[in-house]
Amino acid sequence: MDARYQAIFVAPTDTGLRVDAIDARDWGAIAELGWSWLTGDWVAARAVTQRQAQQIAPFSSRPVLALFDGEPVTLEAGTIVGSGTTAPVFLSTRETMA
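Residue 0 is where the sequence shown starts when you use numbering that gives the first Met the number 0, and the numbers rise one by one after that.
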């Protein structure tokens with residue numbers, strides 16, 4: 000995906016990252032994307048390119064704003080984003096006798 004997109008949505012999968020990139024620059028593409036979103040399948044719009052990747056990086060020489068779980072983060076140029084799995088951690092409490 001060596002192109003410039005207006006927005007990307009990235010989600011982790013078992014095999015890496017699912018990337019949905021949006022490039023809706025004309026009124027027809029914008030209308031189709033909106034209609035697809037309203038009818039429940041915005042990824043099917045022609046303005047959306049869908050790919051799998053192991054990692055992604057911003058295509059910019061300047062910092063870019065990203066949202067991770069809704070939290071804003073500034074990514075410096077060249078920052079590589081990937082996914083991984085952490086080991087499960089289980090916590091339990093124990094009642095002590097006084």
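Where is the CB? At the ideal position from N, CA and C, for every residue including glycine.
Query raised in the report: According to DSSP, what are the bridge partners of F8?
Result: Taking the first residue of the sequence shown as position 1, residue 8 is located at position 9. F8 is bridged to D19.
Query raised in the report: Sorted by chain position, which residues of the same chain lie with C-beta nearer than 6 angstroms to T48's C-beta, five sequence neighbours on each side aside?
Result: As a first step, residue 48 must be located in the sequence shown, where it is residue number 49. Counting only Cβ-Cβ distances below 6 angstroms, and skipping sequence neighbours, we find A20.
Query raised in the report: Leaving out five residues before and five after A52 in sequence, what residues of the same chain have Cβ atoms less than 7 angstroms from its Cβ?
Result: The residue given as residue 52 occupies position 53 in the sequence shown. Around A52: G15, L16 and V18.
Query raised in the report: Which same chain residues, not among the five before or five after A6, have their C-beta less than 8 angstroms away from its C-beta?
Result: Residue 6 sits at position 7 when you count from the first residue of the sequence shown. If we look at A6 and ignore the five residues flanking it on each side, its Cβ neighbours are A20 and I21.
Query raised in the report: If we call anything under 9 angstroms between Cβ atoms a contact, is S35 one with W41?
Result: Position 36 of the sequence shown, counted from the first residue, corresponds to residue 35. Position 42 of the sequence shown, counted from the first residue, corresponds to residue 41. Going by C-beta atoms, S35 is nearer than 9 angstroms to W41.
Query raised in the report: Can you tell which of I29, A86 and E75 has the C-alpha that lies nearest to the C-alpha of L64?
Result: Against the sequence shown, residue 64 aligns to sequence position 65. Nearest C-alpha to L64: E75.
Requested in this report: Compare the C-alpha of T12 against each of M96, G81, E94 and L66 and name the closest.
Outcome: The sequence position of residue 12 within the sequence shown is 13, counting from 1. Selected option, being the one with the closest Cα: G81.
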